[in-house]
Structures are given as structure tokens and as C-alpha cells.
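Student: Residue numbers (the numbering used here), protein chains in the order written: chain B, 1314 to 1421; chain U, 1314 to 1421. Quick reminder that beta carbons are idealized off the backbone N, C-alpha and C, glycines included.
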DNA sequence: TTGACATATGCTCATATCGGCATACGATAC
DNA sequence: GTATCGTATGCCGATATGAGCATATGTCAA
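Here's what the structure looks like:
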């Protein structure tokens, strides 16, 4: 999953699909890539479940399945404290408590 | 950045570092990997800024820099609507509005 | 200085990955 | 039916990536 999304062009495909269901050819034109490459990237994205396909006549309509990205979101969220303002505030509180603790605790 | 984190072992390193600053050898033992591989992975992580180093005697202390993960968080968050309950609720509201609109709109 | 320790780097091999091209396959149009 | 469109797949060559091993570099201890 992480691997599938590590490819810039695959992320580009997902970004286009975020705008709605698209047949392969529209993706080809939207991204300026060769059709076989797009099909290959779509295959990878399909295999990890981040896109779904639907046959419609001779076209294959691809649509985004954002659910598959949740594992990434969850993983990266465990590191959120680094940039989240909420956690900054929490750090301040903890720092305060620590100061007080050291104040009337034993030495150092 | 996405690429750096696409490697399972590199994510494992970050997970260990989440527990606090560590010298290379501790990472080696914690992960059961060969020391050169750990150094190489650390190099990649360093190059994208997700870890920082500090020299301490003959050891090199590595620590996590979660800030570097924010781009990933931001990117994946744009797809959050797929699984977020808040967005599910919003969808319900929108669906309601749509029903009403169709109710007293033109045909279909 | 010499030696041991901690880490980084270089080399090689095996494997994966991507692009480009040709082509196969399925569905529709004629 | 045959032609054509839309898409997928196979093959090739180039490049990247990771493991394993040896070794270089830097730091401290004796």
C-alpha cells in the first residue's frame, strides 16, 4: 500500500480520480502518459484496493476507494504530535507539571 | 519522502525512534538487522529529514523528526472523507438536501 | 601509539521497477 | 462477419534498490 502510493504518477492518478470516476483514456489525456503505463499503474492501485473498476461498454471506469488509504493515515497520525498545535499545547501543560514536580520533589 | 517511508524496515526504525533517541547499535539490536543495513536506511531517512543525528562520543544518536511526515499526512488527509464519520454525516445531510431539491424541482 | 568499539561506506549480486513498444483481448459499430 | 475502439499484457532494456560482506573512518581506552 505504501509502495503503491510512493509512485508520483500513481498519486497523480488518484488525484485525478478524486474528481470523479474516469475511464482509462481520460486519465491518459489528463496525465499525458502513455496508455500502457497508465493501465499498469492502475493495476497496482487495483491490487492494493485503492481504486475500483466497473465495466461500461468497452470502457473501464475507475473510481477512487479512499478507504484503502486509512492505514497510511493511521500510521502517520501516530507521529502527528510533531506538528499538531493541539499537542504543542499539551506539551506546555506537561512542561508546567514537570516544573512544579521538580520544584517540591527531591533534588534534580 | 513517500519513498523513504515505503520501506517497511525504515518504518520500523521510525517506530523504534518514536520511543526516544537511540544510537545505531540499539536500533540494530531492536530490529535484528545487520548494522550496515541500518546505517544505510538511516542515511535515507536522514536525507529526507525524518530523522536527525547528534554525535555523542563514538556514538551517533538518532532521533525522530516527525515534522517531515507532515506532507504525507496532508496528502492522505485530502482523501479522509472516505472513512471519516464526520464526512459520512455530511453526506447524509447533502443527500437529504438533494432529495428535497428533486422533490419540488423539475421532472426526474 | 595501539587496540577496541561504533558507525559509515564501497562493492557485488540478485531482484524489482519503470518506460517504451508491440500486440493481444473484449466490446461495439458497420 | 470485419473493422475499430478501449484497454490490458508481454517483452525488453535501463535504472534503482536492498542484502551481504569487507573495510574505511572516527572516537575513546590503555
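(1) DSSP beta-bridge partners for residue 1368 of chain B?
(2) Compute the Euclidean distance between the alpha carbons of residue 1338 of chain B and residue 1331 of chain B, then round it to the nearest angstrom.
(3) From the DSSP output, which residues share a beta bridge with residue 1349 of chain B?
(4) Which whole-angstrom value is the C-beta distance of residue 1380 of chain U and residue 1365 of chain U, which I expect to be below 8 Å?
(5) Could you check the C-alpha separation between residue 1372 of chain B and residue 1334 of chain B for me, to the nearest Å?
(6) Would you list, in sequence order, the uninterrupted alpha helix (DSSP H) runs of no fewer than 4 residues that lie entirely inside the region 1381–1420 of chain U?
(7) Give me the residue from U/1398, U/1375, U/1404, U/1413 with the minimum Cα distance to residue 1360 of chain U.
(8) In chain order, what residues of the region 1366–1386 of chain U put their CB closer than 9 Å to some CB of chain B?
(9) Step through the CB atoms of chain U and report whether any lies within less than 9 Å of the CB of residue 1325 of chain B.
(10) Between the region 1327–1338 of chain B and chain U, which residues of the former have a C-beta closer than 9 Å to a C-beta of the latter?
Tutor: The structure says:
(1) Indexing the first chain from 1 puts residue 1368 of chain B at position 55. Partner residues in the beta bridge of residue 1368 of chain B, as assigned by DSSP, are B/1373.
(2) Working through the first chain from its first residue, we reach residue 1338 of chain B at position 25. Working through the first chain from its first residue, we reach residue 1331 of chain B at position 18. Each residue's Cα considered, the two are about 16 Å apart.
(3) In the first chain, the residue the question calls residue 1349 of chain B occupies position 36. Its beta-bridge partners do not exist; DSSP assigns none.
(4) Residue 1380 of chain U sits at position 67 when you count from the first residue of the second chain. Residue 1365 of chain U sits at position 52 when you count from the first residue of the second chain. Under the criterion of beta carbons closer than 8 Å, residue 1380 of chain U and residue 1365 of chain U do not qualify as touching, at roughly 10 Å.
(5) What you label residue 1372 of chain B is simply residue 59 of the first chain in a count that begins at 1. What you label residue 1334 of chain B is simply residue 21 of the first chain in a count that begins at 1. A direct Cα-to-Cα measurement between residue 1372 of chain B and residue 1334 of chain B gives close to 12 Å.
(6) Counting whole runs of 4 or more residues, the region 1381–1420 of chain U contains the alpha helix (DSSP H) stretches 1383–1390, 1398–1416.
(7) By 1-based counting over the second chain, the position of residue 1360 of chain U is 47. Shortest Cα-Cα distance from residue 1360 of chain U to any of U/1398, U/1375, U/1404, U/1413 involves U/1375.
(8) In summary, the residues of the region 1366–1386 of chain U whose CB is separated from some CB of chain B by less than 9 Å are 1377, 1378, 1379, 1380, 1381, 1382, 1383, 1385, 1386, in the order they occur in the chain.
(9) As a first step, residue 1325 of chain B must be located in the first chain, where it is residue number 12. Using a CB distance cut-off of 9 Å, residue 1325 of chain B does not count as an interface residue toward chain U.
(10) Answer in chain order: 1327, 1328, 1331.
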